[in-house]
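Accompanying notes for the structure given below.
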Amino acid sequence: MFRAPAAARLVRRTAPHLPKPTPRLLRPCQLALSAPSRRSSSTNTISPDEIAHFSALSAHWWDPTGEFGLLHRMNPARVQFMRDSLLRAEELPQARWLEGRNVLDVGCGGGIFAESLARLGADTLAIDASSSNISVAQTHASRDPAFNLVNSSIPPLPSGRETAQRNPLEYRHCAAEDLVREGRQFDVVCAMEVIEHVEDPRGFLDCLSQLTKVRSPSASDPPPAALTFSCSRSRLSKLHPSQPGGFLLLSTISRTPLAQFLTITMAESILRLVTPGTHTYHKYIKPDELQAFFDGKGWWGMERRGCVYDPLAGRWRLLGEGEFGGAGELVNYFAGVRKPL
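Our numbering puts the sequence shown at residues 3 to 343.
Have a look at this one:
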């Protein structure tokens, strides 16, 4: 009987115990995010080093001139991008235009964006893997009587406002995978400046996809054969009746030499606007990689918009789709997509 050499037998015995390599987004965009992740059902996208880093900085979340000052200034652009994304599909009221929607803010930090969502009328669930961040967020929100905090150890100040009872703001110390296991789904799922800090971006996006709500088909929906397509993907959500589901909105940083220079060399090492080590260049994701991932899932019509910082005005400017020939997406950018039926 043939027997494999001892060395080969040893490899077969030990190979299953070798650690799997950490996925890195340094491949062409077709491979970086398009391969399905089979590990999204467990809490594995969280990076302990990233959580420790932001937990150590949690006391500075609500200092508009400190560590997170740039995020405070980016908040209006976040809100504008969300409103514009929803307006592509439907009409919205001028005030409290998120009324009646349940919105998830993943990686909420100290609650900068989550508080804005709640003030706009959304039933808001904000989650973070750092207990320190959640504590800071709850403490800050408890000072505002307009909020009706849910599952918080810190009671909100009394309020006679009727809207507070219809508009709860809930903070939870958990991971996105925990909500997937609970079967939760939301009208709008947001992950702002988060994906560049996770361990497995494909698994993270799979989690967000599962958390985005699907609407059941109605009798008024046309059959698939009747769908009309447009070569302009920026308008596909209006022309594609098979996209009635929830919205998934992201903001992140592209993996380009310019982004490395501005966000790491300048912002961290030279100007010290943020603590060194906040960003890791190989974790940055290019817009084309996100596009390829969602195209592979059949989520057509992704909108991509660059966001540039004006240091003279001290504010972020949200660019139009394709403005400057797409050069605006070389550093910070937003991406929005709607879940198909």
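We treat Cβ as the ideally placed atom computed from N, Cα and C, and that holds for glycine.
Minimum Cα-Cα distance from Arg103 among the listed residues Cys110, Leu127 and Glu52 corresponds to Leu127. The C-beta distance from Leu321 to Val310 rounds to 7 Å, short enough to meet the 8 Å contact threshold. Take Ala116, set aside five residues on each side of it, and the residues of its chain with a beta-carbon closer than 6 Å to its own are Asp107, Cys110, Thr126 and Ala128, in chain order.
Setting aside the 5 residues that flank it on each side, Arg75 is surrounded in the same chain by Gly316, Arg317 and Trp318, each with a C-beta closer than 7 Å to its C-beta; the list follows chain order. Annotation for Met194: the continuous beta strand (DSSP E) segment containing it runs Val190 to Met194. For Ile255, the beta-bridge partners assigned by DSSP are Asn334.
In this chain, Val105 is not harboured by any alpha helix (DSSP H); it is covered by the beta strand (DSSP E) spanning Asn104 to Val108. Of the candidates Ala143, Ala177, Trp64 and Leu264, the residue whose Cα lies closest to the Cα of Leu171 is Ala143. Asn46: not part of any beta strand (DSSP E); DSSP gives it neither H nor E. If you draw a straight line from the Cα of Arg98 to the Cα of Val190, it is about 15 Å long. Shown here for Phe296: same chain residues with a beta carbon closer than 6 Å to its own, the five before and five after excluded, namely Met304 and Val339 in chain order. Its Cα nearest to that of Ala337, the residue Glu195 stands out among Glu195, Gly185, Asp202 and Val200. Here Thr47 really is in contact with Gly205; their C-beta atoms are around 5 Å apart, less than 8 Å.
If you draw a straight line from the Cα of Leu122 to the Cα of Thr214, it is about 20 Å long. DSSP, read as helix, strand or coil, puts Pro170 in strand. Inclusion of Ser60 and Ser154 in the CB contact set at 7 Å is not warranted, their separation being larger than that value. Taking C-beta separations shorter than 8 Å and ignoring five residues to either side along the sequence, the partners of Glu270 in its chain run Val276, Thr277, Pro278, Gly279, Thr280 and His281, following chain order.
When C-alpha distances from Glu201 are compared across Ala120, Glu179 and Lys285, the shortest belongs to Lys285. Note on Ile255: 16 or more other CB atoms within 10 angstroms of its CB, so buried under the neighbour-count rule. Met268 sits exposed, since fewer than 16 C-beta atoms from the chains shown fall within 10 Å of its C-beta.
Boundaries of the alpha helix (DSSP H) harbouring Gly71: Gly71 to Leu89, taken from the DSSP string.
According to DSSP, residue pairing for Trp64 in a beta bridge does not occur.
Beta-bridge analysis with DSSP links Cys309 to Leu320. By alpha-carbon distance to Gly68, the top candidate from Gln212, Leu273, Val81 and Glu331 is Leu273. Sorting Ser253, Trp302 and Phe263 by C-alpha distance to the C-alpha of Ile287 places Ser253 at the top. Annotation for Phe326: Gly308 place their beta carbon closer than 8 Å to its own, counting only its chain and skipping 5 residues before and after. Spatial neighbours of His199 in its own chain (CB-CB distance under 6 Å, excluding positions within 5 residues in sequence) are listed in chain order as Glu52. In this structure, Ile136 keeps its C-beta atom at 7 Å or more from the C-beta atom of Leu73.
Scanning its chain for C-beta atoms nearer than 6 Å, with the 5 sequence neighbours on each side dropped, one finds around Leu264 the residues Val333, in chain order.
Apart from the 5 residues on each side of it in sequence, Ala178 sits with its Cβ closer than 6 Å to the Cβ of Val108 and Cys209 in its chain, given in chain order. DSSP lists Asp107 and Tyr173 as the bridge partner or partners of Ala128. The criterion of a C-beta distance shorter than 7 Å is not satisfied by Trp63 and Phe56.
Secondary structure of Val182 (DSSP, three-state): helix. In this structure, DSSP gives Arg274 a state outside helix and strand, which the three-state scheme calls coil. Scanning its chain for C-beta atoms nearer than 7 Å, with the 5 sequence neighbours on each side dropped, one finds around Val81 the residues Ser118, in chain order.
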